[in-house]
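Numbering (numbering that gives the first Met the number 0), first residue to last: 0 to 692.
What follows is a single structure, written as structure tokens, with notes after it.
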Amino acid sequence: MNLIFLAPFFLLGLAALAIPIVVHLTNRPRDRAIRFPSLMFIRQVPHRSVQRQRIEHWFLLLLRAGAVALLVTAFARPLLEGSGSLLLPDDERRELVILLDRSFSMGYGDTWERALAAARSRIQRMSQGDRGSLIAFGSQPVLLVAPTEDEAALLSALEQVTVSAQVTRYGPALEAAAEIISQSDRPHREVVLISDFQRTGWVEQSETSLPPGAAFEPVDVSGASPSDYNVAVAGVTVERVRRGSRDWWSVGARLVNGSDAAAPDLTVTLRVEGQEIESRPVTLGPREATAVRFQDVAATDRPSRIEVAVGPDPLAADNRHYAIANAPASIPVLLIGHPQARPQELIFLERALALGSDPRFELRRRSFERVAPSDLDGIRVVIANDVPFPEGVGGRRLGEFVRRGGGLLAILGRRSDPASWAGAESILPGRPGMPVDRASDHGARLASLDYDHPVLEIFRSPHSGDFSAARIFRYRALELLPEAAVLASYDDGGVALAERRSGGGSVIVWTSALDNFWTDFPVHPVFLPFLHQAVRYLARYRPPRVSYRVGSVADLRQYFAEDEGIEEVVVEGPSGNREVRNLAEGEYGVQLEEAGVYQVRRVNSQQSPIALIAVNVDPEESDLSRIDPDEIVRAVTVAATGASGELGPQSLTDLAPEARERRQRLWWYLLLGALVLLAAESVMARRYGSRRG
0 MNLIFLAPFF LLGLAALAIP IVVHLTNRPR DRAIRFPSLM FIRQVPHRSV QRQRIEHWFL
60 LLLRAGAVAL LVTAFARPLL EGSGSLLLPD DERRELVILL DRSFSMGYGD TWERALAAAR
120 SRIQRMSQGD RGSLIAFGSQ PVLLVAPTED EAALLSALEQ VTVSAQVTRY GPALEAAAEI
180 ISQSDRPHRE VVLISDFQRT GWVEQSETSL PPGAAFEPVD VSGASPSDYN VAVAGVTVER
240 VRRGSRDWWS VGARLVNGSD AAAPDLTVTL RVEGQEIESR PVTLGPREAT AVRFQDVAAT
300 DRPSRIEVAV GPDPLAADNR HYAIANAPAS IPVLLIGHPQ ARPQELIFLE RALALGSDPR
360 FELRRRSFER VAPSDLDGIR VVIANDVPFP EGVGGRRLGE FVRRGGGLLA ILGRRSDPAS
420 WAGAESILPG RPGMPVDRAS DHGARLASLD YDHPVLEIFR SPHSGDFSAA RIFRYRALEL
480 LPEAAVLASY DDGGVALAER RSGGGSVIVW TSALDNFWTD FPVHPVFLPF LHQAVRYLAR
540 YRPPRVSYRV GSVADLRQYF AEDEGIEEVV VEGPSGNREV RNLAEGEYGV QLEEAGVYQV
600 RRVNSQQSPI ALIAVNVDPE ESDLSRIDPD EIVRAVTVAA TGASGELGPQ SLTDLAPEAR
660 ERRQRLWWYL LLGALVLLAA ESVMARRYGS RRG
């Protein structure tokens, strides 16, 4: 048994032992002065000089020196090494961390009941003085009970845990357990992992490991046998199609068998707003996937719940897939034209916008001379098609419209007087100039495009649109301002497409006309998707998603515009839980933790929901392939090994020196001893002082 010190530099303080000795050698008692009326009666004695001082109170000196020595030794943090046989009061106490998998695959058959029974058994086996904690995990761990010796608290929390809709991720849960274990001063530390041990949940990482010496017990409660199967609805597609004069929803689903056993005699069902539309039988072989297309459903002008269900099988969580058939969106567009424009000059622009289906473009027309402030009410995008910039109140209102979040597409043709557009310099990307004639060399071509911009990124991949085929015979020069960004250029370096953001909105300038005189661009196939994408971008349109996965965050701005005047909404989850989101303060995100359909309503409103959000479990969790628990054990445990290489029980020496020092707490006893010595020194010093008196 050896005594070591974790802070040995404090031992230099032992030099302070000289202080009591010096005090005792230099602190001589003073002679008492006595008054006499006359010295004639005092006998004269020779003066004595002291050559050597002796220590008179050895016991008092030992008390003082002992107190100093104990204080210095306590600050040096002493530790007894090789004290495995030393019996201290807390030698047998344990630190127990229970990791309980509650991913939705634990709902297979009676797997969850077995998991609860295993956790309950581990808690009830805790001895007096043991400390336990409970962590439930799916994709992320949740500490349900912090380290405690209260067995009742652990059992009570266990009874409240339910299976979640999350996937399995072992790494974060093991890291949470390792943090608790590393902070423990208990000699015996143990982690119990209760799970069905799905292979998809394990991503081996070198940094995921328990502290050295910690015991790790995997408890496999998997209820699936090789003859069991699990079929999941992995995805649902909803498309709005038009046939004749009516719109229809075309619904398809993808079914996957995530097991090694065949799945016979299943039924797949389509429901719309809870009403069964169609059912059909289906059979899947081992690891087989198939696509199912249902009969079309008459579309409505409001969002509708779509549900595709398959079954029966032992795991119900992935047997349903939810989707939302959203109402057709529309973007109000104001087209400002010239009164002298011929119908053929507008035919390409108007027909292209009329072909928009999702979203639709609600086109309103005004002459530039008659633009009034009220014309911009409810408008998302303004297209100024080869006109001078509106003057007076209408022009000022158009500038405010852009700065408040609106979009402006300015098409600069032959009637776009540069002098009139000078009044819009505060929002334009540049100053329009005189026309540049390229007809003599067969027209300019679009040579440089910024495919990183949202307007052009859909044309990035090959065969998605050829801009170089279009010829521009005439365009207006544009003197760029510093705030502008060039989106496309001609082969002579002239600006074809430029953007400037002003306030909350944007202005895009096309420097040629969109007729059949200055350019043939509108007759090329790329024109229609380009125009649609430009209007969507300027309107800041976000198409509502058909569905989300559990754990995602939904942005409420996809369902209604920020300027609709809605300040607060109530989001109701599939289980009925409600939360208020203050849109006025920017609370647009909704954390989706349940599978089903979320409903978004105005506060204190009993009307129909203003938005529906479908949420589904991750089909990755439907794969029941298992991982050998020993593979996780080997990856996360770093234990002390004996000569045979077998894992041995954890002992005191398995702990880090700092942990052993905290457990032994020798410094506490040393400080207590120093306090006792100082108290005794105080008593003895007063006693010796009274004797001299």
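Backbone N, C-alpha and C fix where the C-beta goes; we use that ideal spot for every residue, glycine too.
Run of the alpha helix (DSSP H) containing ALA371, from where it starts to where it stops: Neither: ALA371 is in no alpha helix (DSSP H) and is coded neither H nor E.
Pick from ALA512, VAL596, LEU537 that is closest to SER546, judged by C-alpha positions: VAL596
Closest Cα partner of GLN294 within the set GLU277, ALA288, GLU306: GLU277
Beta-carbon proximity check, ASP554 vs GLN343, cutoff 9 Å: no
Selection from GLY234, LEU269, TRP248 that minimises the alpha carbon distance to ASN256: GLY234
Buried or exposed by the 16-neighbour rule on C-beta atoms within 10 Å, applied to ASP653: With a pLDDT of only 47 at ASP653, under the threshold of 50, the placement of this residue in the model should not be trusted; the figure read from the coordinates follows. ASP653 comes out buried.
Close-in-space but distant-in-sequence residues of the same chain around LEU86 (CB under 8 Å, 5 per side omitted): Residue confidence is low: LEU86 scores 40 on pLDDT, short of 50, so the model does not pin down where it sits. Its coordinate-derived value is still stated next. There are no such residues.
Cβ contact check for the region 295-314 and the region 481-499: 3 or more pairs under 8 Å: no
Exposed unless 16 or more other CB atoms sit within 10 angstroms - verdict on ALA177: buried
Where the beta strand (DSSP E) through PHE215 begins and ends: 214-219
From ARG686, LEU676, VAL141, residue whose alpha carbon lies closest to that of ALA64: LEU676
THR282, DSSP secondary structure in three states: strand
Same chain only: Cβ atoms within 7 Å of ALA172, ignoring 5 sequence neighbours per side: LEU98, ILE134, PHE136, PRO140
DSSP state of ASP440 mapped onto helix, strand, coil: helix
Given 8 Å, three or more beta-carbon pairs between the region 270-290 and the region 240-259: yes
Any 3 or more C-beta pairs closer than 8 Å across the region 456-469 and the region 504-514: no
Beta carbon of TRP247 nearer than 9 Å to that of ALA164: no
Beta-carbon spacing of ALA538, VAL401 below 9 Å: no
The ligand SAH heavy atom lying under 8 Å from the CB of THR266: Absence of the ligand SAH is noted for the structure shown, with no ligands found whatsoever.
Given LEU13 as reference, the closest of ASP100, VAL71, GLY393 once Cα atoms are compared: VAL71
Start and end residues, beta strand (DSSP E) containing HIS187: 187-194
As assigned by DSSP and simplified to three states, the class of ASP629: helix
Counterpart residues of HIS320 in DSSP-defined beta bridges: VAL307
Buried or exposed by the 16-neighbour rule on C-beta atoms within 10 Å, applied to TYR668: exposed
7 Å CB neighbourhood of ALA476 in its chain, flanking five on each side removed: GLY432, MET433, VAL435, GLY493
ALA610, enclosing alpha helix (DSSP H) - first and last residue: Careful: ALA610 lies outside any alpha helix (DSSP H), inside the beta strand (DSSP E) at 610-615.
Helix, strand or coil at ILE134 [DSSP, three-state]: strand
Best match in THR161, ALA152, LEU143 for proximity to ALA175 [C-alpha to C-alpha]: LEU143
Pairwise C-alpha distance: LEU455 and GLY588: 28 Å
Cβ shell of ASP357 (< 8 Å), same chain only, five flanking positions each side left out: ARG239, PRO327, ALA328, PRO542
Contact belief for GLY131 with ILE122 at Cβ below 8 Å, rounded distance in angstroms: 6 Å
Residue environment, ILE305, which counts as buried when at least 16 other CB atoms sit within 10 Å: buried
Cross-strand partners of ILE97 (DSSP beta bridge): LEU133, VAL191
Backbone CA spacing between GLY644 and PRO217 [nearest angstrom]: Confidence at GLY644 is low in this model, with a pLDDT of 37, below 50, so its placement is unreliable and the value that follows should be read with caution. Near 20 Å, if we compare the C-alpha coordinates of PRO217 and GLY644.
Cα-Cα separation between ILE378 and LEU407, rounded to whole angstroms: 11 Å
Inter-stretch contact at 8 Å, needing at least 3 Cβ pairs: the region 180-197 / the region 207-217: yes
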